[in-house]
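2 protein chains.
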Amino acid sequence: MTTTTTATKQFMTTEQLLKHWQGHRNLTRRVIEAFPEKELFEFSIGGMRPFAKLAVELISIGGVALKGIVEKNTEAYNEEGFIPKTKEDILKKWDEETEVINHYFGQISEERFQETFNLFGQYEFPVYENVLYFVDNEIHHRGQGYVYLRALGIEPPFFWERF
Amino acid sequence: MTTTTTATKQFMTTEQLLKHWQGHRNLTRRVIEAFPEKELFEFSIGGMRPFAKLAVELISIGGVALKGIVEKNTEAYNEEGFIPKTKEDILKKWDEETEVINHYFGQISEERFQETFNLFGQYEFPVYENVLYFVDNEIHHRGQGYVYLRALGIEPPFFWERF
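Each protein sequence line maps, in turn, to chains A and B.
The numbering of the first sequence is this note's numbering, which starts it at 1 and goes up by one.
The numbering of the second sequence is this note's numbering, which starts it at 1001 and goes up by one.
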């Protein structure tokens, strides 16, 4: 009996995950804001991408991926559709994606989060794992952004402040 | 009816979270391994801590925090108890903590994950949020480690390879 109970214990609800993710997105938004315009698009370390490129990657995944999951569309991932010229372009698109994420996330059922889906025709995992990947990937790249800011002599926002 | 159902949808089980976390820990272990001995303890960018210090922080949180949660002990967080001299010291302790995490994580009930706990006498949040923080904090610092490795001309392990 104990074993069965343990195997199906809930860790968190979908609402809690969405709030957690949007909290992270809010922090990433402030990291984008913290970069000077020029360095956002040009500064890098060790041959890695500038932070603007990383932000475009994040923008190209979250909402688009959720839409694909909801509509069961396995079309390939594409970063070419959004080519920002300014920090303002990025922040505006960032805020639009906040709404797209809220819209599609709410349409995924509890059962669906456990089903396998071939995201972008390439990442065949349970939906909850794909969603965790979006959040993890954002934290990972943002950590890189923290180093860029420190190397530029700019203090990044506190990691634990999310709203 | 729909509203009530939506509000309590499960995102993932506790077993899935533990597997996810240990997958990340496995990747972090390989990042530690990827550093040359000297650079692990000395290399840094922008005045940030060397990766050995970050690894000690991670080691000082996960298992210790879970033990505190299970035993309802709010004793303060402390990084002074473990002072590694070599990469091998860190990796050995890392593996010991893997078992500590598995041991204590399994003792936290579904209800407990939703209860507020004053972790380390300082971080008063629902237990599931504290656990997410441990994972997020690890991804954040490891992202920093990736930049250190790239700056050293070393290719880091793939972000998506966890086991």
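The beta-carbon is built from N, C-alpha and C at its ideal position, and this holds for glycine as well.
Residues of the stretch 1109 to 1126 of chain B with a C-beta atom less than 8 Å from some C-beta of chain A are S1109, E1110 and F1113, listed in chain order.
Interface annotation, L17(A): in contact with chain B, CB-CB separation under 8 Å. With a beta-carbon spacing of about 6 Å, K1087(B) and L1040(B) fall inside the 8 Å limit used to define contacts. Under the DSSP assignment, Y123(A) falls in the beta strand (DSSP E) whose first and last residues are Y123 to P126.
Within the same chain, G1023, H1024, N1026 and L1027 come within 7 Å of R1162(B) by CB-CB distance, once the 5 residues on both sides are set aside. Per DSSP, reduced to three states, the secondary structure at N137(A) is helical.
Residues of the stretch 139 to 151 of chain A with a C-beta atom less than 9 Å from some C-beta of chain B are I139, H140, H141, R142, G143, Q144, G145, Y146, V147, Y148, L149, R150 and A151, listed in chain order. Between F158(A) and chain B, the shortest Cβ-Cβ separation is not below 8 Å. Under the three-state reduction of DSSP output, N118(A) falls in the strand class. When C-alpha distances from L1066(B) are compared across V1100(B), N1137(B), F1158(B) and F1082(B), the shortest belongs to V1100(B). The stretch 105 to 118 of chain A makes no contact with the stretch 140 to 155 of chain A, as fewer than three CB pairs between them are under 8 Å. At least one beta carbon of chain A lies nearer than 8 Å to the beta carbon of Q1010(B). Taking a Cβ-Cβ threshold of 8 Å, the residues of chain B close to I45(A) are I1045, V1147, R1150 and A1151, in chain order. Annotated three-state conformation of T1013(B) is strand, per DSSP. The alpha helix (DSSP H) runs of length 4 or more contained entirely in the stretch 1075 to 1118 of chain B are, from start to end of the chain, 1087 to 1105 and 1110 to 1114. Around the CB of W1160(B), fewer than 16 other CB atoms lie within 10 Å, so the residue is classed as exposed. Under the three-state reduction of DSSP output, T1008(B) falls in the coil class, being neither helix nor strand. Annotation: the continuous alpha helix (DSSP H) that includes F41(A) extends over E37 to E42.
Under the Cβ distance rule, H20(A) counts among the residues neighbouring chain B, one pair being separated by less than 8 Å. Taking the CA atoms as reference points, A1151(B) sits about 17 Å from L54(A). Against chain B, the CB of Y128(A) has a partner CB under 8 Å away; the residue lies at that interface.
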